[in-house]
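Working notes for the structure below.
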Amino acid sequence: GKPWYVFTSNIDGQFEKAGFEHDKVVTCHGDMHHLQCIHRGCKAEDKLDNVWSADCIPSGLGDLVDQASLRFTDMSPLEEAHFRCPRCNALARPNVWFCKDRNHAYW
194 GKPWYVFTSN
204 IDGQFEKAGF
214 EHDKVVTCHG
224 DMHHLQCIHR
234 GCKAEDKLDN
244 VWSADCIPSG
254 LGDLVDQASL
264 RFTDMSPLEE
274 AHFRCPRCNA
284 LARPNVWFCK
294 DRNHAYW
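Quick note: the sequence shown uses the working numbering, first residue 194, plus one each step.
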């Protein structure tokens, strides 16, 4: 058959959840299932290592989030390694392109 890809601006990973192969889904705005460093200048030798899986974040953190502000009630979880860049230990952020974002890591 013909080669195919899904091109989407969705950041929620629903195409993969529905059974589409990850390498066939192009997410032009990134996705919530990958992280990157908050520091623009923090770059890995291999461009693909600038983004890593968010699977390292444990489940069950919802109880620590104030639902009105969507912020942690206690900021100490942000010091855990799963919220930190593996290169410089700065805070990690979702690999999602926000409007006028100059720090989004393309991969």
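Glycine included, each C-beta is placed from N, C-alpha and C at the ideal position. These figures come from a predicted structure and were not determined experimentally.
Secondary structure at PRO270, three-state DSSP: helix, strand or coil?
helix
Going by the CB atoms, is the gap between PRO287 and ALA237 shorter than 9 Å?
Not closer than 9 Å, so no.
Determine the DSSP secondary structure at ASN243, reduced to helix, strand or coil.
helix
Identity of the residues DSSP links to LEU228 by a beta bridge
TRP245 and PRO287
What number of angstroms, rounded off, separates the C-alpha of ARG264 from the C-alpha of VAL258?
5 Å
Segment limits, beta strand (DSSP E) that includes PHE213:
Where PHE213 is concerned, there is no enclosing beta strand (DSSP E), because DSSP gives it neither an H nor an E.
Contact under 9 Å by Cβ, PRO270 with LEU254
yes
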